[in-house]
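If you're matching positions, the sequence shown starts at 7 in this note's numbering and goes up one per residue.
Written below as structure tokens is the structure these notes are about.
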Amino acid sequence: MWRWVRQQLGFDPPHQSDTRTIYIANRFPQNGLYTPQKFIDNRIISSKYTVWNFVPKNLFEQFRRVANFYFLIIFLVQLMIDTPTSPITSGLPLFFVITVTAIKQGYEDWLRHNSDNEVNGAPVYVVRSGGLVKTRSKNIRVGDIVRIAKDEIFPADLVLLSSDRLDGSCHVTTASLDGETNLKTHVAVPETAVLQTVASLDTLIAVIECQQPEADLYRFMGRMIITQQMEEIVRPLGPESLLLRGARLKNTKEIFGVAIYTGMETKMALNYKSKSQKRSAVEKSMNTFLIIYLIILISEAIISTILKYTWQAEEKWDEPWYNQKTEHQRNSSKILRFISDFLAFLVLYNFIIPISLYVTVEMQKFLGSFFIGWDLDLYHEESGQKAQVNTSDLNEELGQVEYVFTDKTGTLTENEMQFRECSINGIKYQEINGRLVSEGPTPDSSEGNLSYLNSLSHLNNLTHLTTSSSFRTSPENESELIKEHDLFFKAVSLCHTVQISNVQTDGIGDGPWQSNFAPSQLEYYASSPDEKALVEAAARIGIVFIGHSEETMEVKTLGKLERYKLLHILEFDSDRRRMSVIVQAPSGEKLLFAKGAESSILPKCVGGEIEKTRIHVDEFALKGLRTLCMAYKQLTSKEYEEIDRRLFEARTALQQREEKLAAVFQFIEKDLILLGATAVEDRLQDRVRETIEALRMAGIKVWVLTGDKHETAVSVSLSCGHFHRTMNILELINQKSDGECAEQLRQLARRIKEDHVIQHGLVVDGTSLSLALREHEKLFMEVCRNCSAVLCCRMAPLQKAKVIRLIKISPEKPITLAVGDGANDVSMIQEAHVGIGIMGKEGRQAARNSDYAIARFKFLSKLLFVHGHFYYIRIATLVQYFFYKTLYDSVYLTLYNICFTSLPILIYSLLEQHIDPHVLQSKPTLYRDISKNRQLSIKTFLYWTILGFSHAFIFFFGSYFLIGKDISLLGNGQMFGNWTFGTLVFTVMVITVTVKMALETHFWTWINHLVTWGSIIFYFIFSLFYGGILWPFLGSQNMYFVFIQLLSSGSAWFAIILMVVMCLFLDIVKKVFDRQLHPTNTEKAQLTETNSGIKCLDSMCCFPEGETACASVGRMLERVVGRCSPTHVSRSWSASDPFYTNDRSILTLSTMDSSTC
């Protein structure tokens, strides 16, 4: 029992072997000696709390905050000793703060629970007791046989048992795991591949032994022991047998697999970074300021205690006649009395620590987060998705971002490839409405040029197409031109590894090339998105690839079926950067078709329009299109026999197989005849290029982290503007050892130092990154910091998180933001200071685990430049204001921060717009004004602190010298008492701090007016009501009739007005000089014209053309204060504005009518 308790507490973890044994269908041995291993269930948990741990865990987290813990101590001190104020003054606000914060955090975690329940409650089919049982995903156990249908997502990590194919193969996409959209083939072992029904699987007796769960997506080792006819057959299991949770079944009707890793032990879940509490830079600054104020408070208490004992050193003051000590006080220890007095002063002065600061901040964050969801500019009409806020604790952090790390597939791109142009035999063509139109003629005038295509149906024999190579470079007649096009698109249709799902093949391609058929009749799957786009384009043109087996490939050319025998595939690799196929045509000819990057194809060509094609390829690349060159070669029987022999020898070699294959490929792929080039567009999301450029202008560095291939990633970086064509692209790829990696890094560093003018971009792959991070972090970071853009490709999910971690802990400690759309992005989203999930096509894992979720990458600009800017300015002012406005009756002390002065700053922090949203979005450079937490710098903090102390000095000593000893103030010769004097000071303070908030407000709505002037009115009404009645439940009636007596004195009214003006005059003067002598970029932007005929000055208060800014004193005051009425602001933007043509944000709470200006 004791050992079990220790195991539950984590002190004595149970022994776990390096392997796990899984009995398929949970058929355990019957001998009774076997003890089944314990495995976790299949639930995914992204929530933070449970019903049982919410209260203790939440309280622990809340009391980690300096202010909360401090007020808890003060509350306990007030309970234990005799203090000047009631425990209610600390206890009630503390209870209110803790309760409101707990409700907010509980609500946000409840939303995460709902997301988890949606995933865990998904229906699945499991084989149990000889039948197919429908259950929930969370109920899957290790050892269960699960059936997955086409296009379904795997609910756990499964070992493939069988599929609807005889060879036991299936195809999956892992876009949500590693970002790759290509199909991956997985195979079952032969003994289980034949078990394609539930009944046959029920007879399977087998055991799987495999490694314990690990995060590496590409590594898996195990074996399956199958018992057949009393014999055991052992089959090895590798990554090709493992189906990962989060991947999707494609091009296969159904499969059966056995669950080996479930729930939080799946590879997808292990790549999630453990969820930790994120704290914004503002909150860290708040804690720093609180510590400073605590030091001030303790200093005040110590000084006051010392002064008390200095004062009592004289006997007449130690025990005056009106305050006799008790016998217990006389005999008590001097040390205990000193401590007791110190604590009493600590309690007396504790209100310089604003208890309501945290609750106001929490309310501001929680209520302010709704504005993001309400913003119509962040609403995606096509998908009907609006922005989501999963945690409101980081709103202001959106205004502090210095690094953006983004995924590529599905985040920057739409995950779609489209064929755009091609070059055939030196002539450039565009595809327009399913037709090939040569460059020059318009689509309307192209009929004559394309009429030759109708005669293609007569060309069914490749013998006629390849009789001569001379026409490849200079076709002499129309017939030869047709042959060129036919051969080019047959190369496209045959040189690939595309797989096909036959929905309907009859009738496809029966019409002329320019006929429009529904491309959805065929469903292609490819290892490369480029290949899929090219094969689909050839189908639209009229040469349709309709399927292949191990030995043949079938193509329909204008309705006529042609079968080509597939002899060899020379697979693509990153060194050659090309692939080839050798086929035998229906006529018996043997042809080599090659496809690859221009740098790998053109040097191998001896015929064709090489120079013209090279020029066309460069033109395509400048448009941001992905290019491939096509070439071919006719093989004689003797040449083919030699090729076949060499390939066989290389592929069966036991030593240096890769090197031998590379040498054979080089021997085969030479003396080619160039056919042309293709240009495919990797379709970017709308406004990606503009958004990345805006981020750069805002001083934000953009890194792209992707699991995709090197070539694909670089192409997309160029097309989206992440890399510029003028950039010097540096590469750190294919590094094999630490020494090689270090030497390459040193070379890159030298190149950067030698080149001071050119901008540099860095490309690094996952393998090289692992080496660089192992022992060369500083050198790697030095290279990265000197590059304008960094692209990391072939990245594993945890590597993405490590890169962000590396930047976070660098000496500059920059604020990072990660944005992605798949499960492979969850780790980096959770690692970054701010995580943004894209609600895209790769599932909702990223959106569920992010801090904020948006539908498109382009929305990032408004989220940062407008919402982030506003949230930061609002909360920075809120924090400074609370420390500024931070003595006597317990009720007044309790209500001062909670009621009298909190509403104006709360509404300010929700609605303030110191500059128009459109200006912020159209001028990203304004984002630099608030970077690096500038509004909460020590300099600004000291200004507000000194301002608060100076105002407090004026409140007290101004009241003391003006009315403290004047016997004529009450008309009856009676002087002010202590309570009346204190009420006067308190009244001046409430009015001053409220008007100070009004001076800080730029954007006035009826709500601002209501709470600002209403707070002052409420204070007067409450004071009259509270002091005008004898309350029976109060122990003392010190405030009775005090406020009424104060207001009856005209001199008191004069003193109030005079002191308020004195306090705010210096602040106004400072604003005048700052805005005139040292204006910020934001203040300069407020001078920008927002519409023709209307000018806006510092405060964006508009006035008609011809009226000067100093037309009146009131106008000048509005300029100085930076305040304006929203009804005088025009918000009609021209259609040529760079981002949004219309600001439809809910932030605009009042009507905007330019006619009022």
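Yeah, the Cβ is synthetic: ideal placement off N, Cα and C, and Gly gets one too.
Indicate whether residue 681 and residue 425 have their beta-carbon atoms separated by less than 8 angstroms.
no
Would you mind listing the alpha helix (DSSP H) stretches within the region 725 to 787 that are 4+ residues and don't spill past its ends, in chain order?
744 to 760 and 772 to 781
Give me, in chain order, the residues of the same chain whose beta-carbon lies closer than 7 angstroms to that of residue 403; leave out the 5 immediate sequence neighbours on both sides.
Excluding positions up to five away in sequence, the list reads 286, 287, 821, 839 and 840.
Answer yes if the region 161 to 169 comes into contact with the region 69 to 77, meaning at least three C-beta pairs across the two stretches below 8 angstroms, and no otherwise.
no
The region 824 to 837 / the region 669 to 680 touching (three or more Cβ pairs under 8 angstroms):
no
Do you know how far the Cα of residue 196 is from the Cα of residue 141?
29 angstroms
Following the continuous beta strand (DSSP E) through residue 131, name the residue where it begins and the one where it ends.
129 to 134
Residue burial classification, residue 301 (beta-carbon count within 10 angstroms, cutoff 16)
Counting Cβ neighbours within 10 Å, residue 301 comes out exposed, since fewer than 16 surround it.
How far does the beta strand (DSSP E) with residue 168 in it extend, from its first residue to its last?
163 to 169 is the extent of the beta strand (DSSP E) around residue 168.
Pairwise C-alpha distance: residue 276 and residue 56:
Computed Cα separation, rounded: 21 angstroms.
Taking the straight line between their C-alpha atoms, what separation do you get for residue 702 and residue 422?
26 angstroms
Using the Cα positions of residue 1022 and residue 1000, report the straight-line distance between them to the nearest angstrom.
About 7 angstroms.
Nearest-angstrom Cα separation, counted from residue 318 out to residue 311:
11 angstroms
From residue 25 to residue 122, what does the alpha carbon distance come to, in whole angstroms?
Straight-line spacing of the CA atoms in residue 25 and residue 122 works out to 29 angstroms.
Taking the alpha carbon of residue 395 as the point to measure from, which residue in 268, 383 and 378 has its own alpha carbon closest?
Of the listed residues, the one whose Cα sits closest to residue 395 is 378.
Best match in 112, 268 and 605 for proximity to residue 46 [C-alpha to C-alpha]:
268
From 1008, 708 and 774, residue whose alpha carbon lies closest to that of residue 737:
Selected option, being the one with the closest Cα: 774.
Contact between the region 677 to 697 and the region 719 to 729 is defined here as three or more beta-carbon pairs at a separation below 8 angstroms; is this criterion met?
yes
Does the region 201 to 216 come into contact with the region 175 to 184, if we say contact requires no fewer than three beta-carbon pairs (one atom in each stretch) closer than 8 angstroms?
Touching, no.
Which residue comes first and which comes last in the alpha helix (DSSP H) that contains residue 418?
DSSP places residue 418 in no alpha helix (DSSP H); its state is neither H nor E.
Below 8 angstroms, can you find three or more Cβ-Cβ pairs linking the region 849 to 866 to the region 382 to 392?
Yes, the region 849 to 866 touches the region 382 to 392.
Backbone CA spacing between residue 239 and residue 65 [nearest angstrom]
The C-alpha of residue 239 lies about 57 angstroms from the C-alpha of residue 65.
For residue 551, list the residues DSSP reports as bridge partners.
Bridge partners of residue 551: 561.
Proximity to residue 229 [Cα-Cα], best of 221, 241 and 236
241
Measuring straight from C-alpha to C-alpha, what distance separates residue 135 and residue 237?
A straight-line Cα-Cα distance of about 24 angstroms links residue 135 and residue 237.
Sequence-distant residues of the same chain with beta carbon closer than 6 angstroms to residue 132, five excluded per side
139, 141, 150 and 152
Grab me the residues of residue 1127's own chain with a C-beta within less than 8 angstroms of its C-beta, minus the 5 sequence neighbours each way, in chain order.
Residue placement at residue 1127 is flagged as unreliable, the pLDDT there being 43, under the threshold of 50; the coordinate-derived value follows with that caveat. The answer, listed in chain order, is 1005, 1074, 1077 and 1105.
Between which residues of its own chain and residue 412 is the CB-CB distance below 8 angstroms, once the five residues before and five after are set aside?
In chain order, 418, 708, 709, 710, 711, 824, 825, 826 and 863 place their CB closer than 8 angstroms to the CB of residue 412, counting only its own chain and leaving out the 5 sequence neighbours on each side.
Give me the DSSP bridge partner(s) of residue 926.
DSSP lists no partner for residue 926.
Local Cβ density within 10 Å of residue 471, reported as buried at 16 or more and exposed below that
Confidence at residue 471 is low in this model, with a pLDDT of 36, below 50, so its placement is unreliable and the value that follows should be read with caution. Buried.
DSSP beta-bridge partners for residue 944?
In the DSSP output, where bridge partners are listed per residue, residue 944 has none listed.
Tell me whether the beta-carbon of residue 92 lies closer than 8 angstroms to the beta-carbon of residue 80.
no
Taking the C-alpha atoms as reference points, what is the distance between residue 559 and residue 528?
15 angstroms
Would you call residue 126 buried or exposed, if buried means 16 or more other Cβ atoms sit within 10 Å of its Cβ?
buried
With contact counted as at least three CB pairs below 8 angstroms, one residue from each stretch, are the region 243 to 258 and the region 356 to 374 in contact?
no
So what does DSSP say about residue 614, is it helix, strand or coil?
coil
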